[in-house]
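Here the sequence shown stands for residues 1 to 396, where the numbers follow full-length UniProt numbering. Below is one structure; the comments refer to it alone.
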Amino acid sequence: MSNLLLYCRRFCLISSSRPFNSGDSVSVSKFLTHKLRFLLRRRTLCSVSEGGETEEVAKDKRPWLKSFTVSYLVNSCGLSLESAKSKSRFVKLSSSERPDSVLTLLKNSGFTNEQIIRVVNSFPSILIVNPEVVLLPKLMFFRSIGLSRSDTAKLISNCPTTLSLSLTNRLIPCYDSLMSILGEQENVLKCLRRGYWIFTLDTAKYLATRLSLCRDLGVRDQSIKRLVQNGPLVFFCSERKFNEVLNRVRDFGFDPKKMYFVHAMLVFFHVSEFAVEHKFGLYKQFGWSTDDCVAALMRFPNCVKISDEKITGTMDYLINNVGLPPGAIAMQPFLLGLSLEKRIKPRNVVISELLSKGFVKKEDLNYFQILKIKDCVFVDKYVRKFQQVSALQPCP
1 MSNLLLYCRR FCLISSSRPF NSGDSVSVSK FLTHKLRFLL RRRTLCSVSE
51 GGETEEVAKD KRPWLKSFTV SYLVNSCGLS LESAKSKSRF VKLSSSERPD
101 SVLTLLKNSG FTNEQIIRVV NSFPSILIVN PEVVLLPKLM FFRSIGLSRS
151 DTAKLISNCP TTLSLSLTNR LIPCYDSLMS ILGEQENVLK CLRRGYWIFT
201 LDTAKYLATR LSLCRDLGVR DQSIKRLVQN GPLVFFCSER KFNEVLNRVR
251 DFGFDPKKMY FVHAMLVFFH VSEFAVEHKF GLYKQFGWST DDCVAALMRF
301 PNCVKISDEK ITGTMDYLIN NVGLPPGAIA MQPFLLGLSL EKRIKPRNVV
351 ISELLSKGFV KKEDLNYFQI LKIKDCVFVD KYVRKFQQVS ALQPCP
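This is how it looks when you write it as structure tokens:
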């Protein structure tokens, strides 16, 4: 305040050298107000700096705190030094008592070292929460709904912020909403294993809008249930993406009342229109027409999700080695989903041997059925039956 008085004296000395007029009072007032604000602001900054109350200054005055945090993240949590330095901005540890108890709980709950590293990297503030009050009830909840220790650890390590969610306001309501559509606990668990991030969503809101939309189109509840259970990534995607996939499937001609409608949604979510045209181009190289391509897609949507190498290898073998017409394959496109090396080739070798020895007649064989039946049925019908009269060995 002494500086303010000095400014006042100086101003008075200057003003005394000339006659006083009515405007001087206003000038004095403006001058003093300006200087007072300036000095008070300067004094505040100085006092904050000297008192060490700001966050930056507090950090500077406690370098040991950051050093301990980084050291703990590296030595106890397994983070790299670079990562530890980065994460130390979000969590400050003054002792090891609380974080030790958190790590102990995670280890005792079945988390591997790699999973713990992933959790701490994504959610470092977990180290300062009360494990008994905040973490344990949530871990117990996951076990209570049927998730194993390994499933729980996998779910949380893939989406660590799940542990920051409210048990009563988010986790339990989310599970209940899934049960309302899926009906059985095992179905909910299948959904959660495919969509570990689901708890971070407002599932009740998603279900309400998506169920209404699908039902209005004529999609049956059983099909919707299959979509939620097997394709949570599709069902709980953004509104724009969901509508895009839904419209593509409708435009292609799939019947909403049939299960293939949902199968097509699961495929089209991952396969773009350009990719579909590219796959059609590959099939056309082996004699398919556009109608054949569409017919195959309607019967087996995954035919446009198969790799180029598998399409080329399977089509070439079925046409040139087995002798199947291209159009016939389009009518039975499930063949394209079978393993060429483990199913198609071994069975074709057995059937060829039986034909060469005269044990079976070609006109009596249904090649599509031969490839479709289970291994045990194939062995009984085409291997063991002729084993005593031929040199054939059971198909592995």
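All C-beta atoms in this analysis are idealised placements derived from N, C-alpha and C, irrespective of residue type, glycine included. If you're wondering where the values come from, they're calculated on a predicted model, not measured in any experiment.
Outcome for residue i when other beta-carbon atoms lying within 10 angstroms are tallied against a minimum of 16
| i | result |
| --- | --- |
| P137 | exposed |
| Q369 | exposed |
| V70 | buried |
| M331 | exposed |
| V102 | buried |
| R384 | exposed |
| V245 | buried |
| Q185 | exposed |
| C355 | This sequence places Leu at residue 355; Cys is not what is there. That one is exposed. |
| S144 | exposed |
| G231 | buried |
| D380 | exposed |
| S95 | exposed |
| R89 | exposed |
| K87 | buried |
Distance CB(residue i)-CB(residue j) smaller than 8 Å
| i | j | result |
| --- | --- | --- |
| P160 | G218 | no |
| Y382 | V349 | no |
| S223 | V262 | yes |
| V119 | S157 | yes |
| I181 | V228 | yes |
| F268 | I319 | no |
| V74 | P124 | no |
| A275 | P333 | no |
| L155 | F141 | no |
| P99 | L127 | yes |
| S177 | L139 | no |
| P131 | L167 | no |
| L338 | L365 | no |
| Y260 | V322 | no |
| I198 | C214 | no |
C-alpha gap between residue i and residue j, whole angstroms
| i | j | result |
| --- | --- | --- |
| C77 | S238 | 35 Å |
| P326 | Q387 | 33 Å |
| A264 | I117 | 38 Å |
| C376 | Y317 | 24 Å |
| F378 | C303 | 25 Å |
| L135 | K345 | 53 Å |
| G146 | T314 | 41 Å |
| S122 | R299 | 43 Å |
| F359 | K374 | 21 Å |
| F280 | C293 | 6 Å |
| R149 | L171 | 17 Å |
| R226 | T290 | 30 Å |
| T200 | W288 | 45 Å |
| I306 | Y283 | 12 Å |
| S79 | A153 | Strictly speaking, residue 79 in this sequence is Leu, with Ser absent from that position. Cα to Cα, the separation comes out at about 18 Å. |
| T203 | L266 | 19 Å |
| E341 | L93 | 57 Å |
| G110 | R194 | 20 Å |
| T162 | E97 | 23 Å |
| L211 | G253 | 21 Å |
| L335 | F242 | 30 Å |
| Q115 | K107 | 10 Å |
| R240 | C191 | 22 Å |
| I353 | E277 | Looking at the sequence shown, residue 353 is not Ile but Glu. Taking the straight line joining both Cα atoms gives about 39 Å. |
| S209 | Y72 | The question names Ser, yet the displayed sequence has Thr at residue 209. Going from the Cα of T209 to the Cα of Y72 covers about 46 Å. |
| F235 | K258 | 17 Å |
| G183 | T312 | 42 Å |
| N169 | R343 | 50 Å |
| K362 | H270 | 40 Å |
| L165 | Y196 | 14 Å |
| R347 | K85 | 59 Å |
| M179 | S272 | 32 Å |
| R248 | D151 | 35 Å |
| L324 | L233 | 37 Å |
Short CB-CB distance (under 8 Å) between residue i and chain B
| i | result |
| --- | --- |
| G146 | As a matter of chain content, chain B is missing from the structure shown, which is built from one protein chain. |
Quiz prompt | Length-filtered (4 minimum) alpha helix (DSSP H) runs lying within the segment 137 to 225 | solution = 149 to 158, 172 to 182, 185 to 194 and 203 to 217
Quiz item: What residue ranges within the segment 330 to 388 form continuous alpha helix (DSSP H) runs of no fewer than 4 residues, ordered along the chain?
Solution: 345 to 356, 367 to 372 and 375 to 382
Practice problem: Mind listing, in chain order, the continuous alpha helix (DSSP H) runs of no fewer than 4 residues lying wholly within the segment 243 to 289? | Solution: 260 to 268 and 273 to 284
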